[in-house]
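Reviewing the structure listed below.
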Amino acid sequence: MVESIVSTGLAIGCIYALIGITYNVMFSASRVFSFTAGTLGMLGGVLGSLFIARLGLPVAVGFLLALAGGVLLGIVTEIVAVRPVLKSLDQHLYVLSTLALALMVQQFTAIEWGTEARPFPRLFDIARGGFDQEFWLPMLACLTVIVGLELLYRHTLIGRAFLAIAEDTYAARALGLPERSLRMASYALAGAIGALAGFAGGEMLLAFFGNGPMLTFYGFVPVALGGMGNNRGAVVAGLLLGLFQQTANFLVGGIFASVAVFTVFIIVLLARPEGLAGAAVQRRV
Amino acid sequence: MDAPMTQVRPSRADTLGATSTLGVALPFLALLVIGVTLPLFGGGYWGVIATRACVYWVLVSGLNLVVGFAGQIAIGWVALLTLGAYTTSVLAAGNVMPSLSPYLALAIAAVVGAIFGLIVGLPALRLRTFYFAITTLGFATIVTQVALAWQSVTGGGVGVAGPIFPKPFDSQWGFYYFCFGLAAICTWMTANIAASRFGRALTAIRDAEVAAEACGIAKPPLLALVFLFSGAVAAIAGGLFASLQSYITPDAFTLDLSVLFFIAILIGGRSSILGPLLGTILLTVLPEFAAPLVAWSTFLYAVLLLVIVLAMPGGIAELLDFKNRRPLESGRAIVPRPELLDRLLAAPADGGAGALTLEQVALAFGGVHAIDGLDLEIRSGQIHGLIGPNGSGKTTTLNVISGYYAQQSGAVRLNGAALPVLERHRRAHMRIARTFQTPRIVGSASVLQNVMIGGTIDGKCTFVESLLSLPRHRRDEVLLRDTAMLALSAVGLERLAPVRADRLQHSELRFTEIARALMLRPAFLLLDEPAAGLSAEEIGRLGALVVAIARAGTGVLLVEHHADLIFDICHHVTVLNLGKNLAAGTPADIRSHREVVNAYLGG
Amino acid sequence: MPISAADPLLDIAGLSSGYGKIGVLHGVNLTIGTGEVVALLGPNGAGKTTLLRAVSGLLPWSGSVRFGGRDLAGASPRDIVKAGLAHVVEGHRVFTQLAVLDNLLLAAYDLPRGERAARVEEALGLFPEIAAKRHERAAALSGGQQQILAVAQGLVRRPRLLMLDEPSAGLSPVLVDRVLVVVRRLRETGTAVLLVEQLIEKALALADRVYALARGAIVLEAGTGEADLPHRLEHAYLATAHVN
Chain A
19 MVESIVSTGL AIGCIYALIG ITYNVMFSAS RVFSFTAGTL GMLGGVLGSL
69 FIARLGLPVA VGFLLALAGG VLLGIVTEIV AVRPVLKSLD QHLYVLSTLA
119 LALMVQQFTA IEWGTEARPF PRLFDIARGG FDQEFWLPML ACLTVIVGLE
169 LLYRHTLIGR AFLAIAEDTY AARALGLPER SLRMASYALA GAIGALAGFA
219 GGEMLLAFFG NGPMLTFYGF VPVALGGMGN NRGAVVAGLL LGLFQQTANF
269 LVGGIFASVA VFTVFIIVLL ARPEGLAGAA VQRRV
Chain B
37 MDAPMTQVRP SRADTLGATS TLGVALPFLA LLVIGVTLPL FGGGYWGVIA
87 TRACVYWVLV SGLNLVVGFA GQIAIGWVAL LTLGAYTTSV LAAGNVMPSL
137 SPYLALAIAA VVGAIFGLIV GLPALRLRTF YFAITTLGFA TIVTQVALAW
187 QSVTGGGVGV AGPIFPKPFD SQWGFYYFCF GLAAICTWMT ANIAASRFGR
237 ALTAIRDAEV AAEACGIAKP PLLALVFLFS GAVAAIAGGL FASLQSYITP
287 DAFTLDLSVL FFIAILIGGR SSILGPLLGT ILLTVLPEFA APLVAWSTFL
337 YAVLLLVIVL AMPGGIAELL DFKNRRPLES GRAIVPRPEL LDRLLAAPAD
387 GGAGALTLEQ VALAFGGVHA IDGLDLEIRS GQIHGLIGPN GSGKTTTLNV
437 ISGYYAQQSG AVRLNGAALP VLERHRRAHM RIARTFQTPR IVGSASVLQN
487 VMIGGTIDGK CTFVESLLSL PRHRRDEVLL RDTAMLALSA VGLERLAPVR
537 ADRLQHSELR FTEIARALML RPAFLLLDEP AAGLSAEEIG RLGALVVAIA
587 RAGTGVLLVE HHADLIFDIC HHVTVLNLGK NLAAGTPADI RSHREVVNAY
637 LGG
Chain C
73 MPISAADPLL DIAGLSSGYG KIGVLHGVNL TIGTGEVVAL LGPNGAGKTT
123 LLRAVSGLLP WSGSVRFGGR DLAGASPRDI VKAGLAHVVE GHRVFTQLAV
173 LDNLLLAAYD LPRGERAARV EEALGLFPEI AAKRHERAAA LSGGQQQILA
223 VAQGLVRRPR LLMLDEPSAG LSPVLVDRVL VVVRRLRETG TAVLLVEQLI
273 EKALALADRV YALARGAIVL EAGTGEADLP HRLEHAYLAT AHVN
C-alpha cells in the first residue's frame, strides 16, 4: 500500500511540478502568470489520445504533434494574451486575457473532444504491474525537463539570454538583446513543457477536458510554495504536494483530501506569501 | 457662507460624471418599467429567462463591488451561490432539522454567505492578484466537491429540492416579481454605495493604493465590508436560484457560471452599476436567441472577455460615457484663486501653531545611508524647502515623515509627540497630507470624485447608512461635494470638475492632487517635486498657491529640484547631500553658500 | 549619398521625450562628431538620462535623430546597437546571476558565432581586473567592478558612439580614473563618446566639448578649452534665465 502511495504520489507530483515549471518559464520571460499553463497540460493528454488512439498514428509522431500543439498554444498565449497587455498601464489585465484564452481552449475542447474522460493509449507495449510506465513516464519527463533546462541555461547562449531577460529586462533591452523574440521563444518552450506533462501523465490523468482547471490549480501550488520563477523549488514542492495528496486520499478519502490540500495551501500562503523558498532572484527596483 | 459662489453648485449627477440627474436615472427607470410590465408582452418562457437574469444580477451587483470597484479578481464566486442555494434548500426542506420558512432560510443563508464571503475574500489583503484569483478558483472547486460528498445533508449527487416560497410568490410571475424586487433593491443599494465615500474609496484602493493610504483610507476594514455584503447577496441569489431550478445538484454550479458573473462585470466596465447590469442581462439573454449558441455560450463569453480586455477595457460603461466624448477646450489655463483658501482651510480647533520636527533621523538601505542623522523643523505657516542632488535622501525623508518608511534611529515628532512609524494611513487623521512625484489619481473617475476621495475620512455615515441612502449619508455627500468644489476652485480647476481624470494634462493632474490634499485641511502639507513637468507660468502659479496655503496656517515641506521655485517662496531651506544636512538657512544664505553650489554641480 | 567629413555622427534636432504625460525634454539640439568626446552636464531632473534613453530607442520621442546619416525614427534598441551606438545605462546594471564571461557573450549576441569569443577577449583585454574574474558570477563583483563590466559590455560591439550614463556613480576615485582612462583611449581609436557625468572637473578634463542641460533644454554649449567655463556652468544651472 505504501509503495502505491509513493509511486502514485511521486508520479503525479512530477506532473504538478512540470506544470509549475511551465508557469515559471512564462513568468521568467514576462513577469506575468498565465492561466494557460494548466490548459497546456490538458491539451498534452487530449492531443496524445487524439493522434495515437483515435487517428492511429505511431507513438513518436503523436508525441511530436502533441508537443507541437503545446508550442502553438504557448506562442498564441504570448502574442494574443500577454504582449498586448504588457504595453498597457493596467498590469493586472494579463490575469483576464490569459483566463479568457484558457477558457476558449477549454470550451473548444469540451465541445469537440467531449466532456467524458477518454482513455490514453499505452505508449510502450510492456505488461502492466509493479513500477508501471504509468508512474515512471511522468518521472522520466520531469527529469528530462530539469536536465534539459539546466543544459539550456548553462551551456547555450539563448538559455543565458533567457536568464538575462528574467533578471533585468531593461538592461537586456539596452544591451540590444531581441527581447520580443526571446519572450516568444520562452513561451514556446513553456508550451512544450506543459504539453509534455500532460502527455507523460496521460495514462494517469486520462484525456479529459476537466484536467485543465485541475492542473491550473494544482500546478500553481508548487510555484506559490516554491517561489516565483524558482524551478528547483517547484520540483520539490510538486513532489511533496503529490505525496501529501495521495496520503490524504488514502487516509480520509478523495473529497477531504482536496479540502486538506487547499487548506494547507492557503495557510502556508498566508503565512509566507513569498513561498517557502522565497523569490529566486530579487528584481532590480 | 458670505460671498456667493459664482459657479453652479454641482449636482449628484456631476459627481457621477453625467449631464443631469435625470440622465443618470433614465436607463434604470427604463429597465424598471420594462421589468414591471414584462408579463404583458412576454410569454412564460421569457419570464423564466427574466427571472434568471434577476437572480444573477442579485449576485453580480454584490460581486461588482468586489471586482468592478475594488478591483479584486474573485473568479470563484460561484462558491457562494452554491453555499446559499444549499443552505436555503436544506433548511427549507428540513433534512437536518425541522424545516424553516423559506424567508428565514434565505436570511440564514445570507448570514452564512456573508461569513464565507469574508473568508474567501480576506486573503486578498495578503496575496498578489494572480494568487488570489487561483485561491478563489480552488475554493469554488472545494465547495462543489463538499456538496457532492456530504450526502447526508446535501443529498450528494442526487441533490435536494429547492425552496418554494409561499403565496403570492409561488406562481411563475409571482416569483418573478419577488426576484425582480430584490434585484431592484440591490441595484439601488449598490448605486448608493457607488456614489458614496465607500465606493470612491474602493476605486482609490484599486487604482491608486498609495494615494488612498495617504488620504487615510484603510484597506482591510473596507474590503471586509464589501466581502460581507457581496457574500450575503450572493447567498441570497443562491437561494433564489435553487427555487428557480426547483431542484439543485452539484453540477448545476459549474465554473462556467462563475465565469459568466465575472465576465458580465468586465464587459459592463469597472466603477459602473449600469454597465454590469446590462452585461448580466446580455449574457443571460444572448444564448436564448440562437439554439446552437447555447453549447458555445461559455466560449463566446471568453472571446468577448478577450476582446474587451484588449480593445475596450472600459467596457459598456465607456461606450455609454457620452459626456466624456465631448472635446475639452484647448489652451486651458490653470488659474488658482488663493483667496478661497481661507474658507477651505478654516482655523483648526486645536489653535494651530505647531511644528513637525525630525531629530537625528537615520535610515539605511543595505549599506547605503539614505538619511544620516537629519534634523529638520517645519513650522506652521511656513514653507520649508528641501533640496539636494539625486540620491541625497529628499524623497526618502518625505517618505519617512508620511509613514512609508520607518526610520532606524531618531524621532519624527508632531508638536512634540512622536509619530508612530509605518502607519501611513493614520497620517491623514493627524492632518498631515502629501502629494506624489507622479500624480496618483483614479483615471476612470471624474476630477471631482478624485478630489472628494481626499475627504473620505471626514465622512460620518456608516456603510449601512450609505447602503440605504439614509439622511446622514446624503448630508455627508453634499458637504463633501461642496468642499471639493471649493478646493478645485482654489486651485483653479473648477471647470474641469466633471471631466474624467485620465483626460487631463499632467499639470492639471498635479493641481488636482493638491486640491485632494487640501481636503484634509492639513496642518502640514508635504509636496514631492510638484514643479516637475510644469511650464514656467504654471510654476509661478503653483508658487503663489503654496504661499497662500502657508499663509492660511499650514506648514509646508517642499521637496524640489527647481532651485528657482525654492528660492522664490521658501522661508527656510535645508540642503541635503548623501543623507546629511549640508546647509540650512534662508534662501539668501543658501544661494551664496559655496559648498551647496559645489554639491549641486558635483566635484 | 556619401557622408562628408563635416556631417556629425550623431545629429539631434528638436528632440522631445518624456514618460507618459510627463514631458521631460523640450526641443533638444545636440551634435557629436566622429571620434569626439562630448560631456553632457546638468542638474538632477534635467533630463540627461531621458535623453540617452530616447536616443538608444528605449523611450518614444519626437523630433529628429540621425546617426551616421541614418534616421533613427522607429528603430528598436537592437537595431540601434547593430548600427554602432552602444548605451551603457545608469546604475551598473549587469546580470548578476550570470558569469562575467556570459555577460560579455550576451553583449555579442548578434555577432556571428565565430567572432564572439574574439570580441569578448578584446573587451576583457582592456580591463584586466575583471578578466581575472571571468568565470565568477557578476554578483561576486564589487559595485565598481560591475560598472567596469558594464562598460566592457558596451565595447564588445566596437561601437562608433558609446554613451555612458554616470559611470562614476558609486565608484571609488581610483576606479573612476580607471574608467576614464579607457574613455580617453577610446578617443584615440576613433570611437566617439557621449559622457553624462556629475563630476564636472573630470568630465571637462576629458571632453572636447560640453553641453549643459537644464529643465529639458540645452542651456549651454561650449568647447572645453573656453575661458570662464565653470562660472558659466554654475550660472546655467542655477539661474532662471538661459545663458549661451
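Chains as they are written, first to last, in my numbering: chain A, 19 to 303; chain B, 37 to 639; chain C, 73 to 316.
Cβ coordinates follow ideal geometry from the N, Cα and C atoms, glycine included.
Straight through space, the alpha carbons of B:M225 and B:G275 are spaced by roughly 19 Å. Neighbours of A:M122 across chain B, judged by C-beta separation under 8 Å: F335, A338, V339 and L342. When secondary structure is reduced to three states using DSSP, A:E292 falls in the coil class, being assigned neither helix nor strand. For C:K120, no chain B residue has a C-beta closer than 9 Å to its own C-beta; the minimum C-beta separation is roughly 10 Å. In this structure, the straight-line span from the alpha carbon of A:Y112 to that of B:V339 is close to 15 Å. Counting only the Cα atoms, A:R178 lies some 27 Å from A:T116.
Listed in chain order, the alpha helix (DSSP H) runs fully inside the region 234–289 of chain A are 238–244, 249–270 and 272–289, counting runs of at least 4 residues. Of the candidates B:A143, B:Y122, B:L117 and B:D600, the residue whose Cα lies closest to the Cα of B:V156 is B:L117.
For the pair B:G528 and A:L36, the Cα-to-Cα distance works out to about 58 Å. Rounded to the nearest whole angstrom, the CA to CA distance from B:H608 to C:A111 is 34 Å.
Using a Cβ-Cβ cut-off of 9 Å, C:H98 is close to nothing in chain A; its nearest Cβ partner there is about 23 Å away. Between the C-alpha atoms of C:Q225 and C:K93 there is a straight-line separation of about 33 Å.
Counting along the chain, the unbroken beta strand (DSSP E) around C:I290 starts and ends at A289 to G295. For C:W133, the pairing in a beta bridge is given by DSSP as C:S89.
Under DSSP, the beta-bridge partners assigned to B:G421 are B:L594 and B:V609. The CB of B:P349 comes closer than 8 Å to the CB of S106, D108 and L111 in chain A, given here in chain order. CA-to-CA, the gap between B:C497 and B:A106 works out to about 20 Å. Among the residues of the region 422–433 of chain B, those with a Cβ less than 7 Å away from any Cβ of chain C are P425 and N426, in the order of the chain. For C:G95, the enclosing beta strand (DSSP E) has its first and last residue at I94 to I104. Under the Cβ criterion of 9 Å, A:G31 is not counted among the residues facing chain C. Nearest Cα to A:I70 within the set A:V43, A:F238, A:F142 and A:G247: A:F142. Secondary structure at B:A533: coil, using DSSP grouped into helix, strand and coil. The Cβ-Cβ distance between A:G244 and A:A255 falls below 9 Å. Residue burial is scored here from C-beta neighbours: B:Y283 has fewer than 16 other C-beta atoms within 10 angstroms and is therefore classed as exposed. Annotation for B:I109: T165 and A169 place their beta carbon closer than 6 Å to its own, counting only its chain and skipping 5 residues before and after. In the three-state reduction of the DSSP assignment, B:S307 falls in the coil class. C:G140 and C:P80 have their C-alpha atoms roughly 7 Å apart. For C:I202, the enclosing alpha helix (DSSP H) starts and ends at P200 to A203. Within chain B, no C-beta atom comes less than 7 Å from the C-beta of A:I164; the nearest is roughly 24 Å away. Just so you know, the alpha carbons of B:V148 and B:L377 end up roughly 50 Å apart.
In the DSSP assignment, C:K154 forms no beta bridge with any residue.
Under a 10 Å Cβ-count criterion, B:D564 is classified as buried, with 16 or more other Cβ atoms of the shown protein chains found around its own Cβ. If you compare the alpha carbons of B:N228, B:L554, B:L601 and B:L184 with that of B:D512, the shortest gap goes to B:N228. From the beta-carbon of A:P240, no residue of chain B is found nearer than 7 Å; the closest lies around 12 Å away. Contact of B:A568 with chain C by beta-carbon distance below 9 Å involves I94, V96 and G117. With fewer than 16 other Cβ atoms inside 10 Å of its own Cβ, B:M348 counts as exposed.
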